Structure formats: structure tokens, C-alpha cells
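Quick note, the sequences are listed as chains A and B, same order.
According to the working numbering, the stretch in the first sequence is residues 239 to 739, in order.
According to the working numbering, the stretch in the second sequence is residues 45 to 169, in order.
Ideal placement from N, C-alpha and C gives every residue a C-beta, glycine not left out.
Here the structure is a predicted model, which means the values were calculated and not measured.
Below is one structure, written out as C-alpha cells; the observations come after it.
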Amino acid sequence: MTTLLDAVLFLPLIGFFVLLLIPKSNPSLSRMAALVISLLIFVISLGLVSGVVPEGYAFVHDSEWISSPPIRYHVGLDGLSLWLVILTTLLTPISVLASWKHIDHRVKEFFAFLILLEFGLIGVFISLDLFLFYVFWEIVLVPMYFLIGIWGHDRRIYAAVKFFIYTFTGSVLMLAAIIFLYNRAGTFDYTQIVAQLQSGRLALSSQVEMILFLAFFIAFAIKVPLFPLHTWLPDAHVEAPTAGSIMLASVMLKMGTYGLVRFCLPLFPNAAHKSAPWVIALAVIGIVYGALVALVQPNMKKLVAYSSVSHLGFVVLGIFSFTQQGLDGAVYQMLNHGISTGALFLLVGYLYERRHSLEIAAYGGVATPAPNLAIVFLIATLASVGLPMLNNFVGEYLVLQGASYSNFSATVFAAIGVILSACYMLWLYQRTFYGKPSESLSHHMPDLSGREWAAILPLLLLMLWMGTYTQTFLPSISAQNARILDMSKQRPAGSEVANAR
Amino acid sequence: MVSVAAGLIGIALAAWFYLIAPAIPEGLARTFSTPYRWIYNKYFVDEFYDSLVVNPMVDGSRSLLWRVVDARGIDGIVNGAGRTARSVGGVLKRMQSGSIRSYAAWVVLGSIVVIVAITMAGGGR
Chain A
239 MTTLLDAVLF
249 LPLIGFFVLL
259 LIPKSNPSLS
269 RMAALVISLL
279 IFVISLGLVS
289 GVVPEGYAFV
299 HDSEWISSPP
309 IRYHVGLDGL
319 SLWLVILTTL
329 LTPISVLASW
339 KHIDHRVKEF
349 FAFLILLEFG
359 LIGVFISLDL
369 FLFYVFWEIV
379 LVPMYFLIGI
389 WGHDRRIYAA
399 VKFFIYTFTG
409 SVLMLAAIIF
419 LYNRAGTFDY
429 TQIVAQLQSG
439 RLALSSQVEM
449 ILFLAFFIAF
459 AIKVPLFPLH
469 TWLPDAHVEA
479 PTAGSIMLAS
489 VMLKMGTYGL
499 VRFCLPLFPN
509 AAHKSAPWVI
519 ALAVIGIVYG
529 ALVALVQPNM
539 KKLVAYSSVS
549 HLGFVVLGIF
559 SFTQQGLDGA
569 VYQMLNHGIS
579 TGALFLLVGY
589 LYERRHSLEI
599 AAYGGVATPA
609 PNLAIVFLIA
619 TLASVGLPML
629 NNFVGEYLVL
639 QGASYSNFSA
649 TVFAAIGVIL
659 SACYMLWLYQ
669 RTFYGKPSES
679 LSHHMPDLSG
689 REWAAILPLL
699 LLMLWMGTYT
709 QTFLPSISAQ
719 NARILDMSKQ
729 RPAGSEVANA
739 R
Chain B
45 MVSVAAGLIG
55 IALAAWFYLI
65 APAIPEGLAR
75 TFSTPYRWIY
85 NKYFVDEFYD
95 SLVVNPMVDG
105 SRSLLWRVVD
115 ARGIDGIVNG
125 AGRTARSVGG
135 VLKRMQSGSI
145 RSYAAWVVLG
155 SIVVIVAITM
165 AGGGR
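Okay, structure coming up:
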């Protein structure tokens, strides 16, 4: 039976083919079609919100795709994936608007790839079959590779190849682990494998469990990215066009943290618990290190990229605290980072379109000719810093509280990261917007246009909404996280189960 | 009562110093030049923090963490892995030159080496 979720998944794929059919000679039609299609998908995806149930997956569609080996088209939606899907469908039309004037060559292909990216991302978040998940995981790489490689800045080929090889390396390790799991369980189905593990029908020795955990973990850690696997990110962000940076930071990085929550914890709980101390250490190093390196970046996009390393460290810290608050905060922070960093990349893109430079030194005094841009940038800055009433505060607070139950010293170091985030963001703001503008800057710094307002306004409203009324989002997230935590309780290791029989 | 008096005296002093007789504060600043400089520069608290916290943090992050640890260390290993793969491939690709004659020569040479090795090891019995 076809569900609303199927429609939300496959509409982007249909949209991709529709965009391919539009003649190349009519770029404005391509733009308009991409906007209409992505907005339509967003509106339809809102229908998913009311359908999600607290006690399990909704909109489940489980049918055969390939009979041998048994690979199934098994998708479903819960409180964890719901908001990530909405985040994807929201940011796609915003990315379309961000590229409206900025992309002026090979327009049709650009928007086609952007919509194809949406297809892959939604698929990743709703797959309940490990093989299907892997397929979507790799589909995502292809459009992003071309978005960076064709429409990027000067070193785009270097960045695109590095991005592809780096993330591909991790995901092939994951594929090997998926095949191993299939050989033992006889199925690729995630829900069945979890059920087998919980009932003890499938038991992994602690050594095997650790190897499988690491294979999944490395794939996800590269995507997050967790220190020290982060160096592809600054390169990819700096070279990517604005839309690429937005989708990369806001949604693609969440594939990694989503994978940790969805797969690493419930499938390999013992190994996850055993690894928690060093994973938390890496997360905290990433928080402080990413913030310190962000502090000294002369390039705006690199600064925001390193700040992402810092912010995503918080998410990993929350996940590996194995507490309800920590996990809730981590998932909330995934969404927050998507909103606020997406907004920052969008606004940096606005600045770039005006001045054609990403160097902070090329700016100064922007607030004088463009006061609205300055106000909007300030709100996004304060959200990113974690000011109360704005979204990031909620997530950071929950993560710190959850982490303090399991590892207080890590919490203290993570809190330093919050202070540093104020330092690098406010310093960036001061150097860009305050002071006396140069003659050439004043002449090329018009204030926000209607299209630019339309792209940024939804993100600003969400920053406020998510910062003040968490009831819209947190209950469904919490319900699912409670289930994940229940599945992730430490189990007796495989050999012990075998002996007990 | 005392605080109101203190406030009024302060206002009166300020008016006297800066409105009626502006030469007096200049003279005071000259007479007590050392304390004046300290107070004028807010006891150099900002400079103290700059040299103790801000500058070491910024300089250390820039010259050590970013330029050395991140760019050369971590990213150096990543790019080094790519370079190693390429140079190993650069050597191995010579085996696949596509030239049939060189393949034939290698086959002859290899056969001779194998025959010699077998003979020296005591023949193919």
C-alpha cells in the first residue's frame, strides 16, 4: 500500500526527471520548476507530522525489492526521522532560492542535482532495510560531488574528489559490516535484526560486535565529522556553492549522527557502551579544537565549517551519554544546527554575491549600507552561540545536562566550547559588520532583496520557535529516544548467551 | 543621606573641574602622573587579559592548532594516504604498459628464471 511517506520520498525523484526534461535554453523555467517542486514536496511532507505515533514506526511500507538476496523496500517514520525529513524538505526550497541568481551556468543540471540530493537524503532517514539504507547513503554522494565539482570555487575539483573518496572509504567499511550481519541474521531488515539481537537468537561475540561497531562507527564519524576525521569538511564547504554548503552542513552531516543513533547504539550496544569513554573524549576534543581553529580562520566559510565540527561534537557527546536528556538534546541539536548553520551559510552566500569574497578582511562596516542584513546575521549569530530563547540553547543545555550524569569532567570541557563559540562568532560579526565601510564596499552592498528575505525568514522564525516552544518537536523525539535507549541496554555478550543455553 | 551627599559632591566637583576651571584636572593629572595613567588605562586589566589569555589562545590556535596540527598533521596524513596510493600505482602501472612486445619479453625472461630456479633446486623430479 502506498503511503504519504512514499510520496514524499519519490516526488523528488519524479521532480528530478521533470527538471531534466526542461529545455536547457530556458534557465528561468528550470529555476521556477525547481522552486515549485521543492515547495510542493515541503508542503506535502508537513502532512507527515500528524501521522507519527509515539509507539513505533508510522507510514510503514514493507515490500520486496529484490528476491535473492532478500532486499526489501522497507521504510517507516518515527520521531527521530520525522524532523530530519522535514528539515530536508524545508532546506531544499531555501537552497533553490539561495541559488536563484548565484548559479548562472548549467542552471538546469544544477537544480536537477539539488532535487536528486533531496531524494537521497530523505531515503537515508526513512530506510529500515540496511541494504536500502546503504543505497541511499551512496546516492547522496553523487549529486553533492557534482554540485561541488561543477559549480564550486577555484579548488572545486580537489575538494569534490577529497569529499567523495573520504566519505566513500568509510561507507565501504560499513557495507562489509552490513554483509556480515546479513550472513549471520539471514536478513537485511533492520527491525528483524534488532529483534533477533534482543531475543538472543542472534548473538555476537564481544570481539565481533566491536569490529562491526567500528565499521559502522567510522562511516558515521567521517560524515559527522568527528575529530580527527574532519579535514574534508572545511575544503568541501569553502569550495561548494552556497546551496551545496547549506545542504552539506544542515542535512548531510546529520546522516552521520542519525546513523549513530539509529544503528550504532541499538545494533551494537555493548561495544557502544565500551567505546563511550574514547568517543566522548574525541567529541570533547572536537568541541574545543573546532572552536579554537574556527577562531583564527580568515575565511568566513571555513570559520563556519570549523564551528560545525565543534557543534557536532556536542551531538556526539549527547548520544554517547546514554541518557534520555543527552539523546534528546543531541537530536534537537541536529535540527538546531541544521537551522542556524544553514542560515549562516545562506547569509555568507548573500555577502559573497555582493562582494565576491569570503575573506573576513574584505569586509567591515557592512551594517551601515545593509542594516537589515546586519540584523538578520546577528540573530543567526546569537542562535549559533546558544543564547536563551533561541534554538541552540535548548539542545546545548539538554546535552550538557545529560552528559553531566555520565561524565562530568567532559561536560566542563564542553561548556568551554560554548564560551569559545561566542568568541569566534561575535568576533566575526564585529569584523564584518561594524566599523566604517570602505567606499567600494558601500557601493556594492545593497540591503536584502525580497527573494533573500523569503529564504532567510523561515529559518529565523524556526530559531525563535524551537527556542521558545519545544513542545512542538521534543515529545515525538523523546518517545523515540526512549525506545532507542531501551534497545541499547547492555546485553550479555554472545559467548555467554551460548553457554547459558 | 550620605550617599545623596556623595552624589551631590561628585556632581559639584565634576562641574567645577570640567565647566568652571578646566585647568585643574590637567594640573592634577600632571602632578599625580603615575596613578593617573593607571586609572586612565583601567589599571591595564584589558592589556593583562590580552597578554595572558587572548593573545596566547589566538596565536596558539593559529600557528599551532590550525597551521601545524590541522593543516600539516591531520590533513597531511589524509593527503599523504592519497599521494602514497598514487605513487604505488605509478610504479605498478609500468607492469601494464600495453606493449605486447614487452609482455613477451617478460614472459621469456620469467620462464628462464623459473626454469633456472627449478634446475638449481634439483630438477623437476
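- Annotation for A:S268: the continuous alpha helix (DSSP H) segment containing it runs 265-284.
- At the C-beta level, A:L366 and A:Y295 come within 8 Å of one another.
- Where A:A423 is concerned, the enclosing alpha helix (DSSP H) starts and stops at 394-423.
- Chain order gives the chain A residues near B:S105 as L530, V531, L533, V534, where near means a beta carbon separation below 8 Å.
- DSSP, reduced to helix, strand and coil, places A:S559 outside both helices and strands of the structure shown, so it counts as coil.
- The alpha-carbon of A:A457 is positioned some 9 Å away from that of A:Y404.
- Taken in chain order, the members of the stretch 457-478 of chain A whose beta-carbon sits within less than 9 Å of a beta-carbon on chain B are F465, P466, L467, H468, T469, W470, P472, D473.
- Against chain B, the CB of A:Y527 has a partner CB under 8 Å away; the residue lies at that interface.
- In the three-state reduction of the DSSP assignment, A:Y311 falls in the strand class, which pools E and B.
- Put simply, the backbone Cα of A:R422 is about 7 Å away from that of A:L440.
- Annotated three-state conformation of A:V298 is strand, per DSSP.
- Every unbroken stretch of the alpha helix (DSSP H) spanning 4 or more residues and falling wholly within the stretch 647-725 of chain A is given here in chain order: 677-681, 688-706, 712-725.
- Between A:L700 and A:N630, the C-beta spacing is not below 8 Å.
- The three-state secondary structure of A:E597, taken from DSSP, is strand.
- Contact between A:Y496 and A:L247 does not hold, since their C-beta atoms are separated by about 16 Å, which reaches or exceeds 8 Å.
- Put simply, the stretch 467-485 of chain A touches the stretch 385-403 of chain A. At least three CB pairs are less than 8 Å apart.
- Under the DSSP assignment, A:H511 falls in the alpha helix (DSSP H) whose first and last residues are 507-533.
- Cβ-Cβ distances below 6 Å link A:S545 to A532 in the same chain, with the five nearest sequence neighbours on each side left out; the list follows chain order.
- For the set A:G317, A:A481, A:A350, A:E347, the Cα lying nearest the Cα of A:G580 is the one of A:A481.
- If you draw a straight line from the Cα of A:E302 to the Cα of A:I364, it is about 16 Å long.
- With respect to the 8 Å criterion, A:H299 and A:V287 are not classified as neighbours on the basis of their beta carbons.
- Interface annotation, B:V160: not in contact with chain A, CB-CB separation never under 8 Å.
- Residues of chain A whose Cβ lies closer than 7 Å to the Cβ of B:L96 do not exist; the shortest such Cβ separation is about 15 Å.
- B:V152 has a beta carbon lying at 8 Å or more from every beta carbon in chain A.
- Close partners of B:V132 in chain A (Cβ separation under 8 Å) are lacking, with about 15 Å as the shortest Cβ gap.
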